[in-house]
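Participant: For the sequence shown, the residue numbers in this note's numbering are 56 to 332. All residues carry an ideal CB built from backbone N, CA and C; glycine is no exception. Take a look at this one; I'll ask things after.
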Amino acid sequence: MTEAGGPHGEPEGAAGQPDGPVGAGEAWQQGELELTGRIVSASNATFLAQLGDRAVVYKPASGERPLWDFPDGDLANREAAAYLVSQSFGWNIVPRTWLRGGPLGEGMVQLWQEIDPEQDAVDLVPAGDVPEAGWRHVFDGYDEDDHPIALVHEDSAELRRMAVFDIVVNNADRKGNHILAMPDGHRYGVDHGLTFHEEHKLRTVLWGWVGEPLLPAELEGVERVRRDLGGPLGSRLAGMITDRELRALGRRCERLLARAVFPAPHGQMPSMPWPLF
């Protein structure tokens, strides 16, 4: 078994199509899972694995670290639930993700995407070098050598939609390296274990559109999720998150539709994940 890590600690590997169900799905999804490496930078036990001719990431529930504000052994369910909501949005944000058993027990499996190491959707730049076009300036700070720096992210349709997705699922951990920059310009979001909490916990680096109106297509995506919660989506999520979390998910959709703008940070909890990458 090898150890692996990509830019900002994320792996690079084989690409795959992110559509499909969370459960048994296609026969290949339940084939033999062979561990090939471990992602040592991950906070929870995260393994590279081979599933037939497909490379995947495997996160066993037994390898999850206890958290004070999320139930023990529950992060895999939340990752799979985030994929279901991504499918409802129709924006291809989360790579295909499903629950299954593996060498270390039940857990989450996700198709492993091959990123473009030359692209960064989120970056730290010298404070005087903030790009004027195509980027959003989030905040200023200082690096470990006390040099002034700025956090910036792309001003793109892909990241706008990811920001909307994060608001809806209440993502408490949208770090810069949880955004995968694909060679074709697509952006995937990964690491969604800290989602769906009933209390406000949005922590993200994607604050560049605060106060700006959501586009019609973005509102349509939120409305799809709100509508689907009354049907099969809600039924499937009921087995993955609590009833209170499911109701809170619906309220977040309704609130975002009513206000129709990107919200500003609020509350006493930090609005940024730490570390940022």
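Just the C-alpha distance for V163 and A188, rounded to the nearest angstrom, thanks.
Facilitator: Within the sequence shown, the letter at position 108 stands for residue 163. Within the sequence shown, the letter at position 133 stands for residue 188. Reading off the sequence, residue 163 comes out as Met, not Val. Those two C-alpha atoms are separated by around 38 angstroms.
Participant: Identify which residue in P271, E169, G145, K230 has its Cα closest to the Cα of V177.
Facilitator: What you label residue 177 is simply residue 122 of the sequence shown in a count that begins at 1. Considering only alpha carbons, the answer is K230.
Participant: Please determine, among Q165, E309, P318, the residue with the shortest C-alpha to C-alpha distance to H247.
Facilitator: What you label residue 247 is simply residue 192 of the sequence shown in a count that begins at 1. Ranking Q165, E309, P318 by Cα distance to H247 puts Q165 first.
Participant: Give, in chain order, every unbroken run of the alpha helix (DSSP H) that is at least 4 residues long and sits entirely within the region 182-223.
Facilitator: Listed in chain order, there is nothing to give.
Participant: Applying the criterion that 16 or more other CB atoms from any shown protein chain within 10 Å of the CB defines a buried residue, is Q323 buried or exposed?
Facilitator: Your numbering for residue 323 matches position 268 in the sequence shown. Counting Cβ neighbours within 10 Å, Q323 comes out exposed, since fewer than 16 surround it.
Participant: Kindly list the residues whose CB is nearer than 7 angstroms to the CB of E89, restricted to its own chain and excluding five residues on each side of it in sequence; keep chain order.
Facilitator: The residue labelled residue 89 in the question sits at position 34 within the sequence shown. Within the same chain, E89 has close Cβ partners A104, Q105.
Participant: Using a Cβ-Cβ cut-off of 7 angstroms (strictly less than) and excluding sequence neighbours within five positions of G305, which residues of its own chain qualify?
Facilitator: To locate residue 305, count along the sequence shown from 1; it is residue 250. Here the set comprises R281, L284.
Participant: Go ahead and pull the three-state DSSP assignment for R307.
Facilitator: Sequence index remark: in the sequence shown, residue 307 carries index 252 (1-based). Note: R307 maps to helix in three-state DSSP.
Participant: For E89, list the residues DSSP reports as bridge partners.
Facilitator: Along the sequence shown, read from residue 1 onward, the residue named residue 89 stands at position 34. Bridge partners of E89: Q105.
Participant: Would E213 pass as a contact of R242 if the rule is Cβ separation under 7 angstroms?
Facilitator: Here residue 213 refers to the residue found at position 158 when the sequence shown is read from its first residue. Here residue 242 refers to the residue found at position 187 when the sequence shown is read from its first residue. Yes. Within cutoff.
Participant: Tell me which residue opens and which closes the alpha helix (DSSP H) that R258 is part of.
Facilitator: One-based indexing of the sequence shown puts residue 258 at position 203. R258 -> no alpha helix (DSSP H), and no H or E assigned at all.
Participant: Tell me the DSSP bridge mates of V277?
Facilitator: In the sequence shown, the residue the question calls residue 277 occupies position 222. None; V277 has no bridge partner.
Participant: Does DSSP classify D283 as helix, strand or coil?
Facilitator: Indexing the sequence shown from 1 puts residue 283 at position 228. Helix.
Participant: Would you call the CB atoms of F102 and R109 closer than 7 angstroms?
Facilitator: Position 47 of the sequence shown, counted from the first residue, corresponds to residue 102. Position 54 of the sequence shown, counted from the first residue, corresponds to residue 109. Their beta carbons are not under 7 angstroms apart, which means F102 does not touch R109 by this criterion.
Participant: Which stretch, first to last residue, makes up the alpha helix (DSSP H) that contains A131?
Facilitator: Translated into the one-based positions of the sequence shown, residue 131 becomes position 76. 130-144 is the span of the alpha helix (DSSP H), which, as asked, contains A131.
Participant: With distance defined between alpha-carbon atoms, name the residue in F317, H255, D210 nearest to N226.
Facilitator: What you label residue 226 is simply residue 171 of the sequence shown in a count that begins at 1. For the residues F317, H255, D210, the minimum Cα distance to N226 belongs to H255.
Participant: Use the C-beta contact count for Y138: other C-beta atoms within 10 angstroms, 16 or more gives buried, fewer gives exposed.
Facilitator: Residue numbering aside, residue 138 sits at position 83 when the sequence shown is read from its first letter. Per the 10 Å Cβ criterion, buried.
Participant: Per DSSP, what kind of secondary structure is A236 in: helix, strand or coil?
Facilitator: Counted from its first residue, the sequence shown places residue 236 at position 181. If DSSP states are grouped into helix, strand and coil, A236 belongs with the strands.
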